[in-house]
Amino acid sequence: MRTLHSALLAALGITAAGCRFAPADDSAGDTTGGLDTRNPAAVAYRGIAERAAILVPDGARIEETFGDADTWGAGYSDAAGGPTDRIMPEVRARLFGRGALAQPAYNVAITITAPAHADLLTGARLPFGHFPSEEGAGRYRPLLPTLFELARTQLAVAEDQAVLTANTVHLQALDWSLHPGFGEAVGGTYAFVSDAEDPRRPNGFDTVVIDAVRSQLDAGAVLVVANLHQIDRAAHYNPPQYVPDVTAVDAPLADLWDWIEGGESGLEGRTVLAIAADHGRHRWDTTTEFPWMNHGDQCSGCREIPLLLLGPGVRRGVVLTSPVLFEDLGVTVGWLLGLDMPLATGRVMTEALEGAPDGGDPTGLTRVHASGDLRAWQEALPDPANRSRVLVDGEAFADPDALLVEEPRVLRTAEADHLCYRSLRIRTDDREWRWQPHCWIRSGGAGWSEMAAPADVVWPFWSPDLATDSRGRLYLAASGNVNGNAEGPSTVSLLRWTAARGWEGTGDGSPNAWFPTHPSVAVDPSDAVWVAFATGDGVATGRYTRHVEVRPVTWETSGAQRWGAVDWRSPTTDARGTTLERVEDPALAVVHGTLTVACTGFAADGGRILAATRDAKGAWSERTLDESGLVLGTVPAVFTPEGDLLWARLRTDGDVEVCRSIAAAGAPECTDTGFPCVEALAPWPGGATVTVSSGDRAWETLDLAW
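Numbering (this note's numbering), first residue to last: 1216 to 1921.
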């Protein structure tokens, strides 16, 4: 039985409402197959499809799937020792001419199974760890609604009609999210495809998963997402079997589409089928006889993925020329089903569709960040090959050769303004397409000058926090590793910068951090430096032990950095005794001379805001500031320049309100934004800037004053 916070939502009169709208009525006028025949330049309407299936051959490289002479390897597979087009001849001969092909598409985030599927199912890139989950999913789930929840709430789909199926346990945390208004009560069904003789073991044949998809569609499923995991498993643990396992799904995939379109299924003309890998694999691993064994970093082989889309509204026999990202596939399938995905960041694959989709892509200013009266945004651009840039009070920081320029962070001090952000070029070299950090400084009335980069390469969710001490030294805290892999230890790095010495601390980092995220740095009145971050206790228990730590960091006179022991760790129960199953997103500040931390905790009834302060003797006192269960985990709490704490939560009428606790101690005072969607929150003296939308992903800026 599904029990998350459905009872709480029902009591408040909320039924999976927040930031969710009924699909637009595009049925007016004389239409044929969903296309407006009155207009020669037909518009591809949302909701043209009634069913959808997404099949993911896990970790199948472009070289072993949909490559040709113009893609990597020039049509040759070193894993097969022969031409690429001999590996999947049935899909090529029977399906390529009937759909739209991305050759290749890209995974620009974490190139590992669970986080990649989180991106697909939410339509947005998320810092989601690939924790093993043999003991169940726990509360470690996406913070944005999944396609399953959206289908169930917007299309009145039954639980067993929204199916996530796989011959792996890695995905069982992805059938519902922690977003308020959604959750387990409206989640999908996770159907584990087990071994015929041992139900605890995954089935070793991907063809059985394809058979399960056909059975689920035949039984009335509206949305099925399936992971074919044996391909990835073979590459890791039995490399010579990798290509045979790719070949094994060739004819069954083509047969599935023939069955859908054959007339006997009753699905013809109404069903979308997508075939896409979640990540690729290495190409130059010289440590093994089989270079394609592994994946997970930022190599081009890991980022390039095959993708084929078929069905109503999809162009036939077209090879796409614009870059397509894995999250775009989730958004496009949602679009074709008629789903609103107001918090997604992916784009509709316009080039793949008949006609031209009318709206639906993100526009406007997002990811607002502020320091004093200095404000920065990330702006969505219309070009799918150059999707974003950073604006700082109207001044653009852009790279026409970059696919993405995003996540600005600013700091204004009496001496200077500071700016950091990240960018990605997907063809900077042959071997790696890496996220790059950028930092700038402006002082003395001069223009911006680029500082030396704080690192050569950063993980896909590099989003630093900035602070200064009384001597004007800049501190930068950031998390992650090159891979973003929860199965290996990562670090939280703390760097210190001065004009005379540049960056210090580049070789150091926090000990024993497992998939650390959202670090925050603060300097107390004695110039002692403190860092807070969220982490788990290890790979085996990481998804069940997510918590926040606060640690002191000092520099020895020799220049060596030293991390102190954990000074505060978030509790496992809040002040009222409620069990906290997950704690994330710390904000650290010195409030009226006192070190204070706030974070978001998740319990069975939803999200809440916790705070703790450290007294002069080093003792911490804790309190719960919001126990509504409706806190938005996607909008981390932040401190104002005055030391108050701000956060966002869902109202019972479906709008989002911004709540303020004076000095992070008093009862919250909340202000209705008047919008159902809030994406980021940035305080400034006497108020805050919020990026909001009405649910159409047309983001705008709203200023609130106290």
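Beta carbons: idealized from backbone N, C-alpha and C, even for Gly.
Every value quoted in this text rests on a predicted model; they were computed, and no experiment measured them.
Item                                                                                                                                : Value
Leu1270 vs Leu1471 beta-carbon contact at 9 angstroms                                                                               : yes
Trp1499 classed as buried or exposed, judged by whether at least 16 other C-beta atoms fall within 10 angstroms                     : exposed
CA nearest to the CA of Cys1517, picked from Val1464, Trp1914, Val1563 and Ala1331                                                  : Ala1331
Within 9 angstroms, strictly: CB atoms of Gly1725 and Val1707                                                                       : Contrary to the premise, residue 1725 reads as Ser rather than Gly in this sequence. Closer than 9 angstroms, so yes.
Contact check, Phe1311 vs Leu1336, beta carbons under 9 angstroms                                                                   : no
With 16 other Cβ atoms within 10 Å as the buried cut-off, status of Arg1415                                                         : exposed
Phe1676 vs Thr1732 beta-carbon contact at 9 angstroms                                                                               : yes
Arg1624 and Ala1613 closer than 9 angstroms at C-beta                                                                               : no
Cβ-based burial, His1220 [other Cβ within 10 Å; buried from 16]                                                                     : Because the pLDDT at His1220 is just 39, under 50, the model does not fix this residue reliably, and the value given afterwards should be weighed accordingly. Under this definition His1220 is a buried residue.
Nearest-angstrom Cβ-Cβ length linking Leu1393 and Phe1817, presumed shorter than 8 angstroms                                        : 6 angstroms
Where Asn1418 falls, given that 16 or more other Cβ within 10 Å makes a residue buried                                              : buried
Reduced DSSP secondary structure (H/G/I, E/B, other) of Phe1505                                                                     : coil
Sequence ranges, beta strand (DSSP E) only - wholly within the region 1529 to 1589, length at least 3                               : 1578 to 1586
Cα-Cα separation, Pro1652 to Asp1390                                                                                                : 33 angstroms
Beta-carbon proximity of Ser1908 to Trp1914, cut-off 9 angstroms                                                                    : yes
Outcome for Glu1665 when other beta-carbon atoms lying within 10 angstroms are tallied against a minimum of 16                      : exposed
Cα-Cα separation between Gly1687 and Glu1630, rounded to whole angstroms                                                            : 7 angstroms
Unbroken stretches of the beta strand (DSSP E), 3 residues or longer, contained in the region 1374 to 1462                          : 1377 to 1381, 1404 to 1407 and 1438 to 1443
Coil, strand or helix - Ala1237 by DSSP                                                                                             : Summary for Ala1237: the model assigns pLDDT 43, below 50, so the residue's position carries little reliability; its value from the coordinates is reported in the next sentence. The answer is coil: DSSP assigns Ala1237 none of H, G, I, E or B.
Residue from Arg1313, Leu1825 and Tyr1452 whose Cα sits closest to the Cα of Cys1814                                                : Leu1825
Nearest-angstrom beta carbon gap, Thr1380 and Val1408 [assumed within contact, 8 angstroms]                                         : 6 angstroms
C-alpha gap between Ser1292 and Glu1504, whole angstroms                                                                            : 15 angstroms
Own chain partners of Thr1565 with C-beta closer than 7 angstroms, once the 5 adjacent residues on each side are dropped            : Ala1571 and Pro1572
Proximity to Arg1562 [Cα-Cα], best of Leu1810, Ala1780, Ala1441 and Arg1340                                                         : Arg1340
Coil, strand or helix - Ser1515 by DSSP                                                                                             : helix
Segment limits, alpha helix (DSSP H) that includes Glu1364                                                                          : Leu1362 to Gln1369
Cut-off 8 angstroms between Cβ atoms - residues of its own chain near Ile1302, not counting five sequence neighbours on either side : Glu1279, Thr1280, Ser1292, Ala1295, Val1458, Val1461, Thr1462 and Asp1465
Enclosing alpha helix (DSSP H) for Thr1337 [first to last residue]                                                                  : Thr1328 to Thr1337
Neighbourhood of Ala1239 by C-beta, 7 angstroms cutoff - its chain only, sequence neighbours within 5 removed                       : Bear in mind that the predicted position of Ala1239 carries a pLDDT of just 40, short of 50, making it too unreliable to give a figure here.
For Tyr1260, three-class secondary structure by DSSP                                                                                : coil
Burial state of Asn1727, where buried means 16 or more other Cβ atoms lie within 10 Å                                               : exposed
9 angstroms Cβ cutoff met for Val1736 and Trp1745                                                                                   : yes
Euclidean distance between Cα positions of Ala1373 and Ile1263                                                                      : 20 angstroms
Bridge partners - Leu1803, DSSP secondary structure assignment                                                                      : Val1812
Top-ranked residue by Cα proximity to Ala1377, from Gly1435, Pro1669 and Val1487                                                    : Gly1435
Cross-strand partners of Arg1307 (DSSP beta bridge)                                                                                 : Answer by DSSP bridge pairing: none, since Arg1307 is not bridged.
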